[in-house]
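Beneath this line is the structure, given in structure tokens, with notes to follow.
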DNA sequence: GTACTTTGTGGGCAGATGTGGGGAATAGTG
DNA sequence: CACTATTCCCCACATCTGCCCACAAAGTAC
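Protein chains in written order, with the working numbering: chain A, 1 to 154; chain B, 1001 to 1154.
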């Protein structure tokens, strides 16, 4: 199972459609059938999961106890901003309006492969977000995350 | 069995009818035959179960001990506010008046897919309800679901 | 280089979807 | 039996979605 990597910038047309990067498409398992789930990310970006990986997320969700109030709150606020999307005949996805709002994406979308999912950013947002990330700090983080096994859940 | 997800806002006309979101409809099992059961939710919202999932709920109900007072109270007050509804020829459901009162829904209904059922909220109510749900708390919840295996029990 | 294929972008169009209202059939009420 | 409410079906219309075609740009083969 090859992992997603690389970044690809594409323009969003006035119907909210973006071409899905061809290189990433080649990495999507045929099992996913060009079906994806798109949702709010933790950062101000979107997550795009091919169907097969999304199922693992749902596995986790299904273990949340829906008989507790907190459990229901988790499920509700998680699934609320998730939607199924699929590629059209031109290999595009169309971004739901509320997710474009959330992520600040308007005319350009930046796809970033991150192992088992794909992040989609507004280029400007990502810039702002990374503005305070100095090179030195990044290297420090890098070593921290990659270095110690016990630390890499962040 | 794909799970319900996403939120969809539709207007309620003066006869109490709402369009059932097309994307959710595609996820309803054909076995459910466009038949649903609608009832009071635990939060100030409504639950909408496709018939096939409702049957599972009834299974559970049937295992509640009806020879105990508590058992009878639970069953009575649960079923009291439940009603069968089905889609009309325009794919709408009509909301029973007493459930609109309970949920505070008037001119707009917000459908939220939550795995095996669909919640229907008054948008304003949901806002109030989530008012004390800070972003940080949400992210914490989020990580519980997305994050570490051992953490996702709630 | 040139020809050819793949990829990305835009717009037109048909059908699906969401919204509102009229009116017949049905049930409830005094 | 009226009379009222309710329910459901139909029609009309605006909007949106996904499909198709067309073409430009980029990449590949020769």
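The C-beta atom is built at its ideal place from N, Cα and C for all residues, glycine as well.
Check, Outcome
"For residue 1141 of chain B, the three-state DSSP class (helix, strand or coil)", "helix"
"Helix, strand or coil at residue 1006 of chain B according to DSSP, with G and I counted as helix", "coil"
"Nearest-angstrom Cβ-Cβ length linking residue 103 of chain A and residue 21 of chain A, presumed shorter than 8 Å", "The pair is not a contact, with the Cβ atoms about 17 Å apart (cut-off 8 Å)."
"According to DSSP, residues forming a beta bridge with residue 1090 of chain B", "Looking at the DSSP assignment, residue 1090 of chain B forms no beta bridge with any residue, so it has no partner."
"Span separating the alpha-carbon of residue 1116 of chain B from that of residue 1048 of chain B", "9 Å"
"Opposing strand residues paired with residue 84 of chain A [DSSP bridges]", "A/37"
"Pick from A/15, A/26, A/13, A/147 that is closest to residue 113 of chain A, judged by C-alpha positions", "A/26"
"Members of the segment 71-82 of chain A near chain B, C-beta cut-off 9 Å", "71, 72, 73, 74, 75, 76, 77, 78, 79, 80, 81, 82"
"Residues of its chain near residue 133 of chain A, where Cβ-Cβ distance is below 7 Å and the 5 sequence neighbours each way are ignored", "none"
"Listed by chain order, chain A residues near residue 1095 of chain B by CB distance under 7 Å", "Within chain A, no residue comes near residue 1095 of chain B; the closest Cβ sits about 19 Å away, beyond 7 Å."
"Beta-bridge partners of residue 1117 of chain B, as assigned by DSSP", "B/1114"
"Cut-off 6 Å between Cβ atoms - residues of its own chain near residue 1099 of chain B, not counting five sequence neighbours on either side", "1046"
"C-alpha gap between residue 1137 of chain B and residue 1073 of chain B, whole angstroms", "34 Å"
"Test item: CB-CB of residue 79 of chain A and residue 16 of chain A under 8 Å", "no"
"Residue from B/1126, B/1082, B/1030, B/1056 whose Cα sits closest to the Cα of residue 1037 of chain B", "B/1082"
"Nearest residue (CA-CA) to residue 1009 of chain B, options A/125, A/144, A/97", "A/97"
"Inter-residue Cα distance where the pair is residue 1041 of chain B and residue 1077 of chain B", "12 Å"
"Beta-carbon neighbours of residue 1139 of chain B, restricted to chain A and to distances below 7 Å", "42"
"Positions along the segment 1111-1124 of chain B whose CB lies within less than 7 Å of some CB in chain A", "1112, 1113, 1114, 1115, 1119"
"Those runs of the beta strand (DSSP E) which lie wholly inside the segment 1006-1076 of chain B and span at least 3 residues", "1007-1011, 1017-1019, 1035-1040, 1046-1050"
"Cutoff 8 Å: residue 3 of chain A Cβ touching any chain B Cβ", "no"
"Boundaries of the alpha helix (DSSP H) in which residue 107 of chain A is found, first to last residue", "Counting along the chain, residue 107 of chain A falls outside any alpha helix (DSSP H), and DSSP gives it neither H nor E."
"Contact with chain B by residue 56 of chain A, beta-carbon distance below 8 Å", "no"
"Among B/1093, B/1124, B/1142, the one whose alpha carbon lies nearest that of residue 1050 of chain B", "B/1093"
"Buried or exposed by the 16-neighbour rule on C-beta atoms within 10 Å, applied to residue 1066 of chain B", "exposed"
"Residue 145 of chain A, buried or exposed, once every other Cβ within 10 Å from all chains shown has been counted against 16", "exposed"
"Contact set for residue 1006 of chain B: own chain, Cβ-Cβ below 7 Å, skip 5 residues either direction", "1023, 1113"
"Residue 58 of chain A vs residue 1029 of chain B beta-carbon contact at 8 Å", "no"
"Residues near residue 1071 of chain B by beta carbon distance below 6 Å, same chain, minus five either side", "1064, 1065"
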